[in-house]
Amino acid sequence: MKTIYKVLYPLGYEEHEVADDFPVLLPFVAVLPLELENPQSQFFNFTENKWEEAITQDYSEKIELLENISTGLQAENERLAETVALQDTQLTDTQLALAEVYEMSVPLSKEV
Numbered sequence: 293m294k295t296i297y298k299v300l301y302p303l304g305y306e307e308h309e310v311a312d313d314f315p316v317l318l319p320f321v322a323v324l325p326l327e328l329e330n331p332q333s334q335f336f337n338f339t340e341n342k343w344e345e346a347i348t349q350d351y352s353e354k355i356e357l358l359e360n361i362s363t364g365l366q367a368e369n370e371r372l373a374e375t376v377a378l379q380d381t382q383l384t385d386t387q388l389a390l391a392e393v394y395e396m397s398v399p400l401s402k403e404v
């Protein structure tokens with residue numbers, strides 16, 4: 293008797309005991325699966341004829357980095373908004389001062 297493995301989609305396998313002369317054809321393979329904590333978290337790579345662990349990528353570090361960038365950008369935007377408001381006030385004050393200077397330098401027209 294020999295052990296073969298039925299490849300399940302998308303992950304995992306089923307173990308089968310068969311006669312030694314039993315042909316190993318798709319979806320069965322004779323390659324031993326990886327010894328993992330969760331043996332069903334692997335898939336068979338037919339191109340390379342081997343089992344590979346299905347890895348769920350951990351995006352938590354990238355998410356934390358994006359959150360930090362977002363927080364920094366929000367603080368920067370608030371600072372820029374305050375600066376723009378201050379500059380708008382300064383511009384308005386300057387325009388008023390120029391208008392007063394202009395009014396004082398231009399003689400009043402005499403009405404006839």
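Residue numbers for the sequence shown follow the numbering used here, beginning at 293 and rising by one.
For each residue, glycine too, the CB sits at the ideal point set by N, CA and C.
Residue span of the beta strand (DSSP E) that contains residue i, given as start and end
i, result
"Val-299", "294 to 299"
"Val-310", "305 to 310"
"Glu-345", "342 to 345"
Cα-Cα separation, residue i to residue j
i, j, result
"Pro-331", "Leu-303", "10 angstroms"
"Leu-328", "Thr-339", "21 angstroms"
"Met-293", "Ile-361", "60 angstroms"
"Thr-384", "Ala-377", "11 angstroms"
Element boundaries [alpha helix (DSSP H), containing residue i]
i, result
"Asn-426", "What is shown of the chain runs 293 to 404, which leaves residue 426 out entirely."
"Val-376", "352 to 397"
Top-ranked residue by Cα proximity to residue i, from the options
i, options, result
"Val-323", "Asp-313, Asp-312, Phe-336", "Phe-336"
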